[in-house]
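Colleague: Residue numbers (my numbering): 12 to 136.
Provided herewith is a single structure, encoded as C-alpha cells, for subsequent inquiry.
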C-alpha cells in the first residue's frame with residue numbers, strides 16, 4: 012500500500028504515478044494458493060495513477076536479462092522456454108521480388124540509386 016511507505020505524504024501528493032514491483036520468488040514464495048507456479052513471474056502494482064486506472068499487471072521476469080516481458084506469447088518474442096537467441100523473423104517486401112524489381116527498372120528507376128558515387132575527391136575542409 013502507498014501509505015506503508017515511510018514518509019509517503021510527499022509521494023502521495025506530488026507523484027503522478029507510483030508503481031511497486033512484487034516478485035514472490037524473491038520472498039521464497041514459489042506457488043500461489045491454487046498450487047500454480049510463481050517462478051519467473053512478477054506483479055507490477057499501480058498504486059497511484061493520476062490520469063488512469065490503478066491495479067495489478069502480471070509479467071514474466073527474466074533475471075538473466077533483468078527484463079520484464081508480457082506473459083502471453085504473441086509469436087514474435089517466444090513464450091516460456093523459448094531461446095533468448097531465437098532466429099529473427101524476416102518479412103520480405105513485394106518490391107524485392109524479381110517481377111516488381113524488373114518493372115521498376117523498366118519504368119526508369121535506377122538500379123543502384125547512385126550509391127558509391129560522389130566520393131571521388133577529398134573534402135574541402
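Where a beta carbon is used, it is the ideal one built from N, C-alpha and C, also for glycine.
Using the Cα positions of residue 65 and residue 71, report the straight-line distance between them to the nearest angstrom.
Modeller: Answer to the nearest angstrom: the Cα atoms are 20 Å apart.
Colleague: If we ignore side chains and look at the alpha-carbon of each, how far apart do residue 53 and residue 61 end up?
Modeller: One C-alpha to the other measures close to 23 Å.
Colleague: What does the alpha-carbon distance come out to for the pair residue 67 and residue 75?
Modeller: Each residue's Cα considered, the two are about 24 Å apart.
Colleague: In its own chain, which residues sit with a C-beta less than 8 Å from the C-beta of residue 30, not counting the 5 before and 5 after it?
Modeller: Same-chain partners within the cutoff: 55, 56, 57, 58.
Colleague: Identify whether residue 81 lies in helix, strand or coil by the three-state DSSP scheme.
Modeller: Three-state result, residue 81: strand.
Colleague: Residue ranges of each beta strand (DSSP E) run of no fewer than 3 residues wholly in the region 27-73, ordered along the chain?
Modeller: With a minimum length of 3 residues, the continuous beta strand (DSSP E) runs that stay inside the region 27-73 are 28-33, 52-60, 66-73.
Colleague: Assuming the contact rule is C-beta atoms closer than 8 Å, residue 50 and residue 69 should be a hit. Round their C-beta distance to whole Å, please.
Modeller: About 13 Å separates the two Cβ atoms, so there is no contact after all.
Colleague: Under the criterion of a Cβ to heavy atom distance below 7 Å, does residue 44 qualify as lining the ligand FAD?
Modeller: As presented, the structure is devoid of all ligands, the ligand FAD included, so that no description of it is given.
Colleague: What did DSSP end up calling residue 117 once you bin it into helix, strand or coil?
Modeller: Helix at residue 117.
Colleague: Grab me the residues of residue 48's own chain with a C-beta within less than 8 Å of its C-beta, minus the 5 sequence neighbours each way, in chain order.
Modeller: So the list reads 41, 42, once near-sequence residues are dropped.
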